[in-house]
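**Student:**
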Amino acid sequence: MKALKTALALLVGDAQSDRVVPPTGHTVRLTLFSAGAMAFLAVFALALSMATGRLASLWGDELARSSTIRISAPEAQVADQTDAALKVLETTPGVASARALTTEEQQQLLEPWFGNGLSLEGLPVPQLIEVVEKGDGFDAEGLRLRLQAEVPGATLDDHTRWRRPLVKAARSLRLLGALSLILIGGTMAALITLAATAALAANSQVIRVLRLVGAQDSYIAGAFVRRFTLRALIGGAAGTAVGMIAVALLPSAQPEGGFLTGLGFEGWHWLWPLLIPPLGAVVAFVATREAAMRTLRGLR
Amino acid sequence: MIELENMAYSYGGGELLSGISLKLAPGSFHFLTGPSGAGKTTFLRLCYGDLTATSGTVRLFGRDVRDLTRDQIALLRRKIGTVHQDCQFLDHLPLYENIALPLTVAGHSEWTDEANLKELMQWVGLGNRARALPPELSGGERQRAALARAIIMSPDVILADEPTGNVDWEMSQRLLTLLVELNRLGKTVVIATHDLALIRAAKSQVQARVLRIANRKLQLAGADL
Numbered sequence: 071m072k073a074l075k076t077a078l079a080l081l082v083g084d085a086q087s088d089r090v091v092p093p094t095g096h097t098v099r100l101t102l103f104s105a106g107a108m109a110f111l112a113v114f115a116l117a118l119s120m121a122t123g124r125l126a127s128l129w130g131d132e133l134a135r136s137s138t139i140r141i142s143a144p145e146a147q148v149a150d151q152t153d154a155a156l157k158v159l160e161t162t163p164g165v166a167s168a169r170a171l172t173t174e175e176q177q178q179l180l181e182p183w184f185g186n187g188l189s190l191e192g193l194p195v196p197q198l199i200e201v202v203e204k205g206d207g208f209d210a211e212g213l214r215l216r217l218q219a220e221v222p223g224a225t226l227d228d229h230t231r232w233r234r235p236l237v238k239a240a241r242s243l244r245l246l247g248a249l250s251l252i253l254i255g256g257t258m259a260a261l262i263t264l265a266a267t268a269a270l271a272a273n274s275q276v277i278r279v280l281r282l283v284g285a286q287d288s289y290i291a292g293a294f295v296r297r298f299t300l301r302a303l304i305g306g307a308a309g310t311a312v313g314m315i316a317v318a319l320l321p322s323a324q325p326e327g328g329f330l331t332g333l334g335f336e337g338w339h340w341l342w343p344l345l346i347p348p349l350g351a352v353v354a355f356v357a358t359r360e361a362a363m364r365t366l367r368g369l370r
Numbered sequence: 008m009i010e011l012e013n014m015a016y017s018y019g020g021g022e023l024l025s026g027i028s029l030k031l032a033p034g035s036f037h038f039l040t041g042p043s044g045a046g047k048t049t050f051l052r053l054c055y056g057d058l059t060a061t062s063g064t065v066r067l068f069g070r071d072v073r074d075l076t077r078d079q080i081a082l083l084r085r086k087i088g089t090v091h092q093d094c095q096f097l098d099h100l101p102l103y104e105n106i107a108l109p110l111t112v113a114g115h116s117e118w119t120d121e122a123n124l125k126e127l128m129q130w131v132g133l134g135n136r137a138r139a140l141p142p143e144l145s146g147g148e149r150q151r152a153a154l155a156r157a158i159i160m161s162p163d164v165i166l167a168d169e170p171t172g173n174v175d176w177e178m179s180q181r182l183l184t185l186l187v188e189l190n191r192l193g194k195t196v197v198i199a200t201h202d203l204a205l206i207r208a209a210k211s212q213v214q215a216r217v218l219r220i221a222n223r224k225l226q227l228a229g230a231d232l
């Protein structure tokens with residue numbers, strides 16, 4: 071409670087108190103620029119982190135809930151084996167639905183590789199059956215054995231081998247995004263500490279005069295802390311605004327673009343970046359206060 | 008108020024002040040003399056807690072300086088007005104804000120308007136210089152401004168280090184008159200000076216003790232003026 075009161079007193083101050091520290095253009099520009107740049111980068115790190123989190127969930131859910139059965143058989147047997155496979159699936163616990171993909175749907179699946187207007191006639195393209203699971207899903211090994219016995223041309227793909235590395239990669243990217251945010255915060259704290267220390271060193275004579283007339287260290291530190299916190303807030307707000315505009319201008323999520331086109335915020339997630347400027351100000355507050363108190367302890 | 012007991016101060020391996028004992032009684036007026044480098048400024052800095060005695064005791068308003076934190080010393084300094092040789096202003100602030108600085112740091116910003124300071128600034132003869140920046144002031148104006156800043160908190164003690172060092176005789180008389188007026192209001196005044204003419208001139212105005220620092224010791228430099 072006392073710490074909170076001290077922090078508030080440091081932040082509030084008054085206009086007259088803030089004038090005791092002379093304006094220094096160099097540190098103003100440095101702090102504004104570094105806070106703005108860090109906020110801009112933080113928006114992207116946040117967008118990356120959230121997009122990859124979203125993708126990890128999406129991929130995990132989508133792939134976990136569906137499987138594919140591929141029927142590779144001589145052309146004359148494809149229809150029979152497809153019917154047989156569908157019958158097996160009808161009696162398999164954990165299967166919500168199963169349907170054979172139409173020729174058009176199979177064409178669409180191949181379009182990214184072969185382009186439009188591909189005719190599947192004459193091509194040995196296997197028939198695909200989409201299986202949607204329910205509840206805890208089905209027993210993949212049991213289904214494989216049944217298909218092996220009743221539908222010799224059927225191969226079950228439950229997507230496990232695809233799903234695991236994709237989800238793992240997305241989770242790693244999300245972790246990297248979070249780590250980047252922490253590093254950005256740390257870098258900003260370091261830059262502001264350097265700027266504040268430089269400002270304090272440049273104002274040692276001002277500090278001496280203030281002490282002479284009865285100023286306590288908390289008062290002197292407060293004048294610097296308010297200045298740097300405000301600069302970090304302004305710089306952070308500008309950087310965040312530019313970052314959000316840049317993210318908004320990125321292409322929206324499209325299947326053709328894959329992962330790279332989904333790097334934005336969705337819905338209420340657009341509110342998250344708005345936390346960056348106040349968090350930057352908190353980082354600046356703590357960094358400047360620590361630098362100021364340390365420097366003041368060292369100054370006679 | 009300010010009490011020194013067998014106080015010594017060493018600097019750079021050598022003893023600058025030694026065996027000094029003194030009590031500054033409320034309402035007293037002291038001159039502190041001695042050759043340049045004798046330790047007059049050091050003595051004053053010890054008296055307002057800017058330096059810490061190497062041995063012995065310095066008490067400010069009954070409290071041993073060594074037991075005080077820097078912030079506690081800062082609070083006690085609000086009861087001690089100081090005038091320095093080099094005056095020490097914030098060059099980016101106009102004069103009236105510099106004079107009001109002790110009020111500002113004490114959290115009384117509401118009293119620091121130019122209008123509120125008008126009477127004080129006129130008293131020290133700077134009524135028309137309120138908005139001037141310190142580098143624009145003459146030596147005498149700076150000394151008077153420093154005096155105004157020293158007394159703005161109505162301190163109990165005024166310590167002035169060569170307040171007439173950079174001014175002509177007429178101006179030094181004006182400054183002396185101001186300090187004597189403050190003493191009549193009950194303030195304790197200590198003026199460090201090597202200007203014996205100033206001390207003689209004070210004879211007709213105030214009962215003062217003249218102290219002299221020589222050979223690291225503090226001595227009474229003769230009969231009261």
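Residue numbers (our numbering), protein chains in the order written: chain A, 71 to 370; chain B, 8 to 232.
Each residue gets a CB set at the ideal place from its N, CA and C atoms; glycine is no exception.
(1) Note down the Cα distance separating A/Ser104 from A/Val317, rounded to an integer number of angstroms.
(2) Within the same chain, show all residues whose beta-carbon is closer than 6 angstroms to that of A/Ala224, passing over the 5 residues directly before and after it, in chain order.
(3) What residues of chain B sit near A/Asp287, judged by a beta carbon separation below 8 angstroms?
(4) Does the segment 164-179 of chain A come close enough to the segment 198-218 of chain A to have 3 or more Cβ pairs within less than 8 angstroms?
(5) Got a sec: is the Cβ-Cβ distance from A/Val295 to anything in chain B below 8 angstroms?
(6) With distance defined between alpha-carbon atoms, name the residue in B/Asn135, B/His37, B/Ala155 and B/Ile220 nearest to B/Gln214.
(7) Using the Cα positions of A/Asp88 and B/Ile106, report the straight-line distance between them to the nearest angstrom.
(8) Quick check: is the beta carbon of B/Phe267 nearer than 8 angstroms to any beta carbon in chain A?
(9) Assign A/Arg278 to one of three DSSP states: helix, strand, or coil.
(10) Quick one: what's B/Tyr16 bridged to in DSSP?
(11) Just verifying my parser: in three-state terms, what is the DSSP assignment at B/Phe96?
(12) Mind listing the chain B neighbours of A/Leu280? Cutoff is C-beta to C-beta under 7 angstroms, in chain order.
(13) Residues in the same chain with beta-carbon distance under 7 angstroms from A/Leu369, minus the five sequence neighbours each way, listed in chain order, please.
(14) 8 angstroms is my cut-off, CB to CB: does A/Gly368 come that close to chain B?
(15) Could you check if B/Val76 is buried or exposed, using at least 16 other CB atoms within 10 Å of its CB as the buried criterion?
(16) Can you list, in chain order, the residues of its chain whose CB lies under 7 angstroms from that of A/Gly327, leaving out five sequence neighbours each side?
(17) Which stretch, first to last residue, makes up the alpha helix (DSSP H) that contains A/Thr310?
(18) Would you kindly check if the distance between the Cβ of A/Thr365 and the Cβ of A/Thr299 is under 8 angstroms?
(19) Looking at B/Ile158 and B/Arg114, is the spacing between their C-beta atoms short of 8 angstroms?
(20) Our contact map puts A/Ala362 next to A/Ala291 with C-beta atoms below 8 angstroms; I'd like the distance itself, whole angstroms only.
(21) Please report whether the beta-carbon of B/Pro142 lies at a distance below 8 angstroms from any beta-carbon of chain A.
(22) Using the C-alpha atoms, what's the distance from A/Leu264 back to A/His96?
(23) Measuring only from the beta carbon, is B/Met128 closer than 7 angstroms to any heavy atom that is part of the ligand ATP?
(24) How should B/Gly46 be labelled, buried or exposed, when 16 other C-beta atoms within 10 angstroms of its C-beta is the threshold for buried?
(25) I'd like the span of the beta strand (DSSP E) that includes A/Leu226, first residue to last.
**Tutor:** The relevant details are as follows:
(1) Within the first sequence, numbered from 1, the residue matching residue 104 of chain A stands at position 34. Within the first sequence, numbered from 1, the residue matching residue 317 of chain A stands at position 247. Roughly 20 angstroms separates the two Cα atoms.
(2) Here residue 224 of chain A refers to the residue found at position 154 of the first sequence. So the list reads Ile139, Ile141, Ala155 and Leu217, once near-sequence residues are dropped.
(3) Translated into positions along the first sequence, residue 287 of chain A becomes position 217. Under the 8 angstroms cutoff, chain B gives Arg77, Asp78 and Ala81.
(4) yes
(5) For the purposes of this step, residue 295 of chain A is taken as the residue at position 225 of the first sequence. No, its Cβ sits nowhere closer than 8 angstroms to a Cβ of chain B.
(6) Translated into the one-based positions of the second sequence, residue 214 of chain B becomes position 207. B/Gln214 has its Cα closest to that of B/His37, out of B/Asn135, B/His37, B/Ala155 and B/Ile220.
(7) Numbered from its first residue, the first sequence carries residue 88 of chain A at position 18. Numbered from its first residue, the second sequence carries residue 106 of chain B at position 99. Cα to Cα, A/Asp88 sits roughly 16 angstroms from B/Ile106.
(8) Residue 267 of chain B lies beyond the range of chain B shown here (8 to 232); nothing can be said about it.
(9) Here the question's residue 278 of chain A lines up with position 208 in the first sequence. Helix.
(10) Start at 1 with the first residue of the second sequence, and residue 16 of chain B comes out as number 9. Bridge partners of B/Tyr16: B/Leu24.
(11) The residue given as residue 96 of chain B occupies position 89 in the second sequence. Correct three-state label for B/Phe96: coil.
(12) Taking the first residue of the first sequence as 1, we reach residue 280 of chain A at position 210. Those are Val112, listed as they occur along chain B.
(13) Numbered from 1 along the first sequence, position 299 holds the residue referred to as residue 369 of chain A. Result list for A/Leu369: Ser274 and Ile277, in chain order.
(14) Taking the first sequence and counting its residues from 1, one reaches residue 368 of chain A at position 298. A/Gly368 does not count as touching chain B.
(15) Start at 1 with the first residue of the second sequence, and residue 76 of chain B comes out as number 69. In the sequence as displayed, the identity of residue 76 of chain B is Thr instead of Val. By the 10 Å Cβ count, B/Thr76 comes out exposed.
(16) On the first sequence, residue 327 of chain A is found 257 positions in, with the first residue counted as 1. Summary for A/Gly327: the model assigns pLDDT 49, below 50, so the residue's position carries little reliability; its value from the coordinates is reported in the next sentence. Within the same chain, A/Gly327 has close Cβ partners Pro321.
(17) Taking the first residue of the first sequence as 1, we reach residue 310 of chain A at position 240. It spans Asp287 to Leu319 - the alpha helix (DSSP H) in which A/Thr310 sits, taken as one unbroken run.
(18) To locate residue 299 of chain A, count along the first sequence from 1; it is residue 229. To locate residue 365 of chain A, count along the first sequence from 1; it is residue 295. In this structure, A/Thr365 does not lie closer than 8 angstroms to A/Thr299 by Cβ.
(19) Numbered from its first residue, the second sequence carries residue 114 of chain B at position 107. Numbered from its first residue, the second sequence carries residue 158 of chain B at position 151. The amino acid occupying residue 114 of chain B in the given sequence is Gly; Arg does not appear at that position. Pairing B/Gly114 with B/Ile158 gives a Cβ-Cβ distance that is not under 8 angstroms.
(20) Start at 1 with the first residue of the first sequence, and residue 362 of chain A comes out as number 292. Start at 1 with the first residue of the first sequence, and residue 291 of chain A comes out as number 221. Between A/Ala291 and A/Ala362 the Cβ distance is about 4 angstroms, and since that is below 8 angstroms, they are a contact.
(21) Within the second sequence, residue 142 of chain B is the residue found at index 135, counting from 1. No, because no Cβ of chain A sits closer than 8 angstroms to the Cβ of B/Pro142.
(22) Residue 96 of chain A sits at position 26 when you count from the first residue of the first sequence. Residue 264 of chain A sits at position 194 when you count from the first residue of the first sequence. Spanning the two alpha carbons is a distance of roughly 12 angstroms.
(23) As presented, the structure is devoid of all ligands, the ligand ATP included, so that no description of it is given.
(24) Translated into the one-based positions of the second sequence, residue 46 of chain B becomes position 39. Burial call: buried.
(25) Position 156 of the first sequence, counted from the start, is the residue given in the question as residue 226 of chain A. Where A/Leu226 is concerned, the enclosing beta strand (DSSP E) stretches over Ala224 to Asp227.
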